[in-house]
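Q: This is the structure I have questions about; it appears just below.
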Amino acid sequence: MSGGRLIPRDRDAHPVAHDLNYKTSVTRSPSMPLLSLESTPTEESGPRFGHSDLGPLDHDLIRNWTGGKENAVGERILVHGRVLDEQGRGLPGSLVEVWQANAGGRYRHKMDGYLAPLDPHFGGAGRCLTDESGQYAFMTIKPGAYPWPNRGNDWRPAHIHFSLFGASFGQRLITQMYFEGDPLIDRCPIAHTIKDRSQIDRLVAPLDMSRSRPLDHLAYRFDIVLRGRRQSYFENRPEGL
Amino acid sequence: MVQKLVTHSETASQTAGPYVHIGLMPTHAGNSSTFETELGVSPILGGAKGSPIEISGQVLDATGNPMLDAVIESWQADAQGLFPGQQGADRNVKGFCRFAIDPQTERFTLKTIKPGPVALPEGGEQSPHIALWIVARGINIGLSTRVYFEDADVDQDPVLRRVQPRERLQTLKAKPLGGGAYNFDVRLQGPNETVFLDM
Ligand SMILES: [Fe+2]
């Protein structure tokens, strides 16, 4: 473990816990204040994962469900970016897990009964580790929008769920990536549980033609910032003493 | 005018949603062939030192209904109070586990070893505890709490000392049932609401 205490979370940069427009949150949000304390070794340490934990196709959602034998249906995309901390340092070796609906907006989950059919060649889950500079990349298909029971006619914008570890348990984060230009983002009660508009905008991945491959796939870039650690220089004693 | 302060603030959280299992626990979602190795299946390997324990309980919403779609992660020290990666830590303790709610029993179960007290860099120690992180549909940012043990010495723990009002302390203590079994229920809202942490 290196560095000082974790930088306290800015709760205003996150969604509110209780939001009438996202009905399930009403009974699933604490009503008492959280107990805010400085981080301890429990939050400053965390599980580490290695390449031996992952399979060779785990990062390729187009092919991983069939073991590489078939391609999933949909618009082929590369989703890539960097995992950073609040000091702007890339976080190497951190686990990134993703899950998503298929091109028709249907999840391969026993609880999803949406009309759109399953794609026999698409599972909808992937994972990878960031490289030395914190970069990650997945191949996948662009997920479809889907309706969900909330208000009268709510639809989720196309999105990919992201789960991030960083280096410590206190950095744990789950979020969602949206796609540039999707008119459903502005109508989405889940995106709008975040009250700071600029924080919603940071979840919208721009089209990135520099990483698109001609006659093969488009690309979207999604950078993610996890909590940082305070510099420990002045914490206990000056360096070198 | 001043210089522009270049900062990178944390990316916003979003709910894990109802289908979180396909990504984090595909076997639970009926998709066992997604990955060759699922992560966080057990916090310990054979040969882990310490007393085996089994913590089980329910995750309840404000109406008292058990939530069947929650995913919980746990992180803990070994029997000596050392975290994986620290010098001298028990190599058979991975410390991390992921578990879901059994749809039949409506309960979660964590089988592990009892962690030791964790020394603090500024002196003193934390009582034995296991950190939990809970996500589900309707939870917009993962909820952190800790499992302490009612039958362990918890009085001097620096986190527990800060809990107000004091009656809420009991929401953080697993109740021994004998034979290494403990009950620990998590109540998201309402009477006996669990103390959630912002650390
Ligand atoms: Fe979703």
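Chains as they are written, first to last, in our numbering: chain A, 2 to 242; chain B, -8 to 190.
Beta carbons: idealized from backbone N, C-alpha and C, even for Gly.
1) Count the other C-beta atoms from every protein chain shown that fall within 10 angstroms of the C-beta of Arg152 of chain B, then say buried if there are 16 or more, exposed otherwise.
2) Is it true that the CB of Ser135 of chain B sits closer than 8 Å to the CB of Leu73 of chain B?
3) Please state whether the Cβ-Cβ distance between Ala127 of chain B and Val62 of chain B is less than 8 Å.
4) Does the structure place the region 71 to 88 of chain B close enough to the region 96 to 109 of chain B that three or more beta carbon pairs sit under 8 Å?
5) Any beta-carbon of chain B closer than 8 Å to the one on Gln177 of chain A?
6) Is it buried or exposed, His52 of chain A, if we count other Cβ atoms within 10 angstroms and call 16 or more buried?
7) What I want to know is whether the C-beta of Tyr191 of chain B ends up closer than 7 Å to one or more non-hydrogen atoms of ligand 1.
8) Going by the C-beta, is Arg128 of chain B closer than 7 Å to any heavy atom of ligand 1?
9) In chain order, what residues of the same chain have a beta carbon less than 7 Å from the beta carbon of Thr6 of chain B, not counting five sequence neighbours either side?
10) Using the Cα positions of Asp20 of chain A and Gly171 of chain A, report the straight-line distance between them to the nearest angstrom.
11) Below 6 Å CB to CB, which residues in the same chain sit around Leu36 of chain B once its five sequence neighbours on both sides are set aside?
12) Run the CB neighbour count on Asn22 of chain B, radius 10 Å, all protein chains shown included, and call it buried at 16 or more, exposed below.
13) Within 8 Å (strictly less), CB to CB, does Asp113 of chain A reach chain B?
14) Taking 8 Å as the threshold (beta carbon to beta carbon), is Ala20 of chain B in contact with chain A?
15) Mind checking if Ala14 of chain A is an interface residue toward chain B, Cβ cutoff 8 Å exclusive?
16) Report all residues from its chain with a CB closer than 6 Å to the CB of Met2 of chain A; omit the five preceding and five following residues, and keep chain order.
17) Around the Cβ of Gln(-6) of chain B, are there at least 16 other Cβ atoms within 10 angstroms (buried) or fewer (exposed)?
18) Within the 8 Å Cβ cut-off, does Leu116 of chain A reach chain B?
19) When the cut-off is 8 Å and only beta carbons count, does Ser33 of chain B lie next to chain A?
20) Return yes when the C-beta of His122 of chain A is under 7 Å from any heavy atom of ligand 1, and no when it is not.
21) Using a Cβ cut-off of 8 Å (strictly closer), state whether Ile225 of chain A contacts chain B.
22) Please list the partners that Phe99 of chain B has in chain A, where partner means a Cβ-to-Cβ separation under 9 Å.
A: The relevant details are as follows:
1) exposed
2) no
3) yes
4) yes
5) yes
6) exposed
7) Residue 191 of chain B cannot be examined here, being either before or after the span of chain B that is shown, -8 to 190.
8) no
9) Arg128, Gly129, Ile130 and Asn131
10) 24 Å
11) Asn83
12) buried
13) yes
14) yes
15) yes
16) With a pLDDT of only 42 at Met2 of chain A, under 50, the local geometry of the prediction cannot be trusted, and no value is derived from it.
17) exposed
18) no
19) no
20) no
21) yes
22) Those do not exist, as Phe99 of chain B stays about 16 Å from chain A at its closest Cβ, beyond 9 Å.
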